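These protein sequence lines are chains A and B, in that order. So for the first sequence, our numbering puts the first residue at 1; every next one is plus one. So for the second sequence, our numbering puts the first residue at 1001; every next one is plus one. From the three backbone atoms N, C-alpha and C, an ideal C-beta is built for every residue, glycine too. Treat the numbers as computed from the prediction; the structure is a model and nothing was measured.
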Amino acid sequence: MENFSYSRPATLRDATAQLGKEHGRVAIIAGGTDLLGEMKDELAAPARLVPVRHLREMQGVRTVGAGLRIGAATPLVDVVENRAVQEQAPLLAMAAVKVGTPAIRNMGTIGGNICQRPRCWYYRNNYPCFKHGGSACFSALGENDFHAILEGGPSFIVHPSDTAPALVALGASARIAGPGGRERIVPLDAFFVTPRQDVRRENVLQPDEILVELQVPNAPAGSRATYVKEMVRETWNFALCSVAAMVTLSNGVVSDVRIVMGGVAPVPYRALKAEAAIRGQRLTETTAAAAGAAAVEGARPLAKNGYKVPLTQATVKRALLSLA
Amino acid sequence: MAQQVTGQAGQPGGALNVVGRRGPNIDAIDRVTGQAKYTADIELPGMLTARILRSPHAHARVVRIDTSKAEALGGVLSVITYRDAPKVMIWGSRQYVLNDRVRFAGEAVAAVAAVDADTAARALKLISVEYEPLPFVLDPEAALAAGAPQLFEDGNLEGQPRVVNRGDIEQGLKESDHVIARTYRCPTMWSGSLEPHAVVAQWENDRVTLWCSTQSPFRVHANMVAQLGLPDSHIRIIASYVGGGFGTKSAPHVDETIAALLARKARRPVSLRYSREEEILDSNTRFEVKMYIRMGVKKDMTLHALDIRAFINQGAYHTRLGGLGNHATHLYNVPHLRTVQNRVHTNVPNTGPTRGVGDPQECFGLDSAIDEIAVEMGWDPMAFRLKNIKRNGDPIPRAAGGAEDGRLVTQALDRCIEAGASRIEWTRRNQAPNTAQAGPIRRGMGMACTERTGGGGLSGAQVKVFLDGSVIVFYSSTDIGTGSRTTLSMIAAEVLGIPLKSFRTVAGDTEAAPWDGGSQGNRTLQGTGRAVEAAARDALRQILAGAAPLLKATPEELELVGGSIRVKTETARTMTLQQVMERRGRSVVGDGSIAQGQQGTDVERTSAAHFVELDVDTETGKVTVIKYVSVHDVGRPINVTIVENQIEGGTIQGLALTRSEEMRFDPRNGRTLNANFLDLMPPTMMDFDPRAIEAVIIPNEGLAGPFGGKGLGENPCHPGMAAVANAIYNATGIRLREVPFTRGAILRALNDQRPAASRTA
Ligand SMILES: Cc1cc2nc3c(=O)[nH]c(=O)nc-3n(C[C@H](O)[C@H](O)[C@H](O)COP(=O)(O)OP(=O)(O)OC[C@H]3O[C@@H](n4cnc5c(N)ncnc54)[C@H](O)[C@@H]3O)c2cc1C
Ligand code: SF4
């Protein structure tokens, strides 16, 4: 690991002032569960770290109007255990508890979780690929068991976050602070970017911006939700595929639905076709299976990840059926 | 061999007071309270921290290496390269500790010792190395093809192919009523332990002490004699507490010599600890095996011909102990047999014998083929095995080879199979794969058998009885988590008639204890255990001789029971051990050194049968173990709790190989892409519910080990892959011939099984 300086900003304004205009020179550190790993593996070598966990406006869960405000630096464990989250946005608690292990959830924050970097083996082994500013994707013709089946190219990473699909399904927005007190609010489905939009980044944050909080509308009254995550082992790994599903039933018919998938695309992938397939239907084996099939429509698997197509299909189907 | 002493409880055939019980490890408290000192806990005044620079190339020549900048860095006390390293191959390997040619990505190229880890890491960056990359090869079959990159002047094949012939294989296949030909593969897999390699080296004049994490202190000792050119007595290896080994620590490595060289150059003690990544890349991992099997049977259900052609990927340097086990030659009766093993060097990281050595791989191939052919013939695979296994009195090779010049004794495999079948209720098994079952879940059962030798070689131990009547057992094999401190103490306690609570052990110290082959290959209990038994008998003889005049009896008239010495026929004439020892005024040291090898025609083996019932989710490819019954012949269990723990742990380790743990290499440069726990994904406690695993011990008594005990450690991880593959077939009708059985492999095979119209790709 390279040497770095560490400064403790007194306020959010101080923090943004320290960030600068260049990606990578200065890094925001929250729980550090991802960033420190990147630094040890020499994927990142920031000259300065700017901690944010102590900033009050970035901490904790509040209810504001018909929704939640979750500070980006709130540890995942606090999100999981928070009463308001459990009642108003249970999908988020279900997803957050699936992150890693208790140690990761104790240290890791929700902001860090949605801003974490990809887990592609080539990226983590510091290959000079697109993500590192190079001009090739090594996984496309190499080891790609765990890569994207949807929206891939030129990089085929999958978005690794468990909370992101849930937040997108809930219709959450990001409050982002820039230098000089500037602020913007970005709906999460516009927060994440595909490799076609920007092959080196996974979201719209500028180098001098900080994700301050997540604004999460309450789940619709009467809605039901689930987060299903398929893994190689039962704990301590990323999703092969995951499904955040939320439905509202009126007279047994799906009147409102959100299906967002993790682990299958470079961004949390909203399965609009699956939503369309199930809207207006009763939740039966047949309709849920049809939604599952619609969810992977357009999938273009690589040499070694074809299994994700039936796996995702089944996971969407089961997630929906569990809500019947 | 142990001499006979009459009248003592711990006699073969006599009543047993200690052996055969349950009980905790005698060092359990020390381990869980952190009082047990592992190598990484050793702190010495002035100790430096070492780090190793490793090659990014799978095969390259080191054209130039410049360490001057590193040496100039403040806080760096020594830097070594191949120029400092002896031109002596490491024991069991073709590797020089440091060399000007590297043969796998991750091989050590240089090393530094500095005042702290950061300085050492910084120094590594200052070493500039110019490599001339060479063509490399990763696949063992490709490595034997004409024009393949050559690792060594004499080619990529290690020695000659190992060939075993019995009968006439082609004739046997021709005579068979049914023949199958199948290919099975186990890739290079991680097989290590939680404690990475660690070593601390300290010189005093021209003597060196090395604390290290090894299973075989005397192998390391012998290697250090060769590497450092020192007299035997100038080296001391201490491997007191070791955090697992699983074979990866059964041979010397580069690390011990590197630490010793750095420490000598720096004139300070040096500590070298591998990171997790280094441990995965450079610790003699489980070797890849590809097996081409042809098998023929007669209609009368007899196995008639077996042909195995195997390619063993030895990795870059490993020479010894690679290859298949003896399943083909020793498990089933088969009149026509041929096995050909090509042990091949490639540019994948070093491999070596890991738990079971080649047995799990061979078992996977052979017991899958057994299952496949039985299914094709419409036979119950268990009945087919029972018909063909070697039983007591059957001819069997005395050594590794084809000629059946011995006779099998003390075998209990038939009883293992029968007990397992009854526990799992084999009669419930699907007659044919479960393809018609409603819903996505398919349940099925499978089984596999295994066998192995135990003990062997030279073992030594000493038993010292102090004036206060307490005892220390000195031995130089190790306790790598197998409970040998406890088991060996129990053996001595049984012989001596001294309560177990009076025992302590000094393990893994080559200065304190006599020569011993180390802890691997089912040998600690069976070999070292016999040496401890002999040493205890020697001590007992001396104690009784010392007590005789005090009790006015002959030694033969005395016995030591419950810590007291008494006249057998007049038990009121008694003195405590402490009284006798204090009157005697000096401690007693009993010595035991034994050599074990095949003698006569009686051949003793250990064996096991594993049965598994599992669910396959045909939509997600997930496999869930419902019940797993591991039935073992261990002879007489010395400590039942320890035996059960070994069986359970080994079973889980075998199951792990079915799930993940494959090392994945980049075909473009030979680097390992997943050398960490997050990407290698070894299972955790959440994956295989220990409550689903039943460890069953078949009552038996062996001949070679102490008190009828047989070695056990390796066996429990042999049958998992085959048993699970067979159960997946029984559940679904898909046959997996390559481990691990990933979601991808299962879903792909299920997809291929469907009628073409309903396939997804
Ligand atoms: C062993 C292991 C297992 C894991 N398993 C899972 C899993 O199963 N599911 C899953 O979703 N994740 C998993 N992770 C990832 C982990 O959850 C995330 O790393 C964690 O939530 C990140 O939070 P953090 O606070 O530690 O982030 P940090 O490491 O501090 O930061 C992560 C990244 O986000 C940036 N960042 C952090 N906060 C902000 C902010 N407020 N504004 C702008 N940028 C910011 C940092 O600069 C950095 O680039 C795992 C990680 C490990 C090490
Ligand atoms: S998938 Fe993305 S991160 Fe991985 S090698 Fe390709 S470009 Fe790099």
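Member of the options whose CA lies at the smallest distance from the CA of residue i
i                          : options                                    : result
arginine 56 of chain A     : A:Pro220, A:Val309, A:Ser255, A:Val212     : A:Val212
aspartate 1687 of chain B  : B:Met1663, B:Arg1737, B:Phe1665, B:Ile1626 : B:Ile1626
valine 1254 of chain B     : B:Ala1266, B:Ile1080, B:Gly1046            : B:Ile1080
glutamine 1646 of chain B  : B:Asp1617, B:Gly1711, B:Gly1592            : B:Gly1711
valine 316 of chain A      : A:Val296, A:Ala303, A:Pro301               : A:Val296
asparagine 1017 of chain B : B:Ala1108, B:Cys1186, B:Glu1644, B:Ala1492 : B:Ala1492
isoleucine 104 of chain A  : A:Thr235, A:Gly298, A:Gly280               : A:Thr235
tyrosine 122 of chain A    : A:Ala319, A:Leu167, A:Val193, A:His132     : A:His132
leucine 249 of chain A     : A:Val257, A:Val243, A:Ser242               : A:Val257
glycine 1322 of chain B    : B:Val1225, B:Glu1158, B:Ala1553            : B:Glu1158
leucine 1194 of chain B    : B:Leu1210, B:Gly1402, B:Gly1481            : B:Gly1481
arginine 327 of chain A    : A:Gly181, A:Val168, A:Ala166, A:Ile185     : Here chain A has residues from 1 to 324 only, and residue 327 of chain A is not among them.
glycine 362 of chain A     : A:Asn82, A:Pro90, A:Pro128, A:Pro75        : There is no way to answer for residue 362 of chain A, as the model of chain A reaches only from 1 to 324.
arginine 224 of chain A    : A:Ala84, A:Cys129, A:Leu170                : A:Leu170
Check: residue i C-beta below 7 Å from any heavy atom of ligand 2
i                            : result
proline 23 of chain A        : Residue identity check: residue 23 of chain A is histidine in the sequence provided, not proline. Not so, every heavy atom of ligand 2 lies at least 7 Å from the Cβ.
phenylalanine 138 of chain A : yes
cysteine 1449 of chain B     : no
lysine 1290 of chain B       : no
proline 118 of chain A       : yes
serine 135 of chain A        : no
serine 242 of chain A        : no
aspartate 157 of chain A     : The question names aspartate, yet the displayed sequence has isoleucine at residue 157 of chain A. Indeed, a heavy atom of ligand 2 lies less than 7 Å from the Cβ.
For residue j and residue i, the rounded distance between their alpha carbons
i                          : j                             : result
alanine 1260 of chain B    : glutamine 1579 of chain B     : 47 Å
alanine 1421 of chain B    : phenylalanine 1503 of chain B : 41 Å
isoleucine 1042 of chain B : glycine 1167 of chain B       : 57 Å
glutamate 1256 of chain B  : isoleucine 1090 of chain B    : 11 Å
valine 1334 of chain B     : serine 1128 of chain B        : 58 Å
proline 1555 of chain B    : isoleucine 1565 of chain B    : 10 Å
glutamate 1662 of chain B  : proline 1187 of chain B       : 6 Å
glutamine 1227 of chain B  : alanine 1749 of chain B       : 51 Å
alanine 1123 of chain B    : serine 1078 of chain B        : 10 Å
threonine 1006 of chain B  : phenylalanine 1474 of chain B : Because threonine 1006 of chain B sits at a pLDDT of 35, beneath the cut-off of 50, its placement in the model cannot be relied upon, and the point is left open.
arginine 1219 of chain B   : valine 1340 of chain B        : 29 Å
proline 1024 of chain B    : threonine 1641 of chain B     : 7 Å
leucine 1262 of chain B    : arginine 1276 of chain B      : 22 Å
Residue burial classification, residue i (beta-carbon count within 10 angstroms, cutoff 16)
i                          : result
valine 1163 of chain B     : exposed
lysine 1290 of chain B     : buried
asparagine 1205 of chain B : exposed
valine 1112 of chain B     : buried
threonine 286 of chain A   : exposed
glutamine 197 of chain A   : exposed
glutamate 1461 of chain B  : In the sequence under discussion, the amino acid at residue 1461 of chain B is alanine, which differs from the glutamate named in the question. Classification of alanine 1461 of chain B: buried, given that the 10 Å Cβ count is 16 or more.
proline 1012 of chain B    : Because the pLDDT of proline 1012 of chain B is 49, which lies under 50, any placement of that residue in the model is unreliable, and the question is left without a value.
Closer than 7 Å: residue i CB and nearest ligand 1 heavy atom
i                         : result
proline 160 of chain A    : yes
aspartate 1359 of chain B : no
glycine 100 of chain A    : yes
methionine 107 of chain A : yes
cysteine 1363 of chain B  : no
isoleucine 149 of chain A : no
alanine 17 of chain A     : no
Residue i CB to nearest heavy atom of ligand 4 below 7 Å
i                       : result
tyrosine 122 of chain A : What this structure holds is ligand 1 and ligand 2, not ligand 4.
State whether the stretch 1699-1708 of chain B contacts the stretch 1630-1647 of chain B, with contact taken as three or more CB pairs (one from each stretch) at a distance under 8 Å. The stretch 1699-1708 of chain B, when compared against the stretch 1630-1647 of chain B, does touch it at the 8 Å Cβ threshold.
Is the stretch 258-273 of chain A touching the stretch 240-248 of chain A in the sense that three or more CB pairs, one from each, lie closer than 8 Å? yes
Report yes or no: do the stretch 1598-1616 of chain B and the stretch 1663-1677 of chain B share at least 3 C-beta pairs separated by less than 8 Å? no
Whether or not the stretch 1222-1242 of chain B and the stretch 1507-1515 of chain B are in contact is what I'm after, with contact meaning three or more pairs of Cβ atoms, one per stretch, closer than 8 Å; do they touch? yes
With contact counted as at least three CB pairs below 8 Å, one residue from each stretch, are the stretch 1639-1659 of chain B and the stretch 1035-1053 of chain B in contact? no
Specify whether the stretch 1432-1449 of chain B and the stretch 1724-1744 of chain B touch according to this definition: at least 3 beta carbon pairs, one from each stretch, less than 8 Å apart. yes
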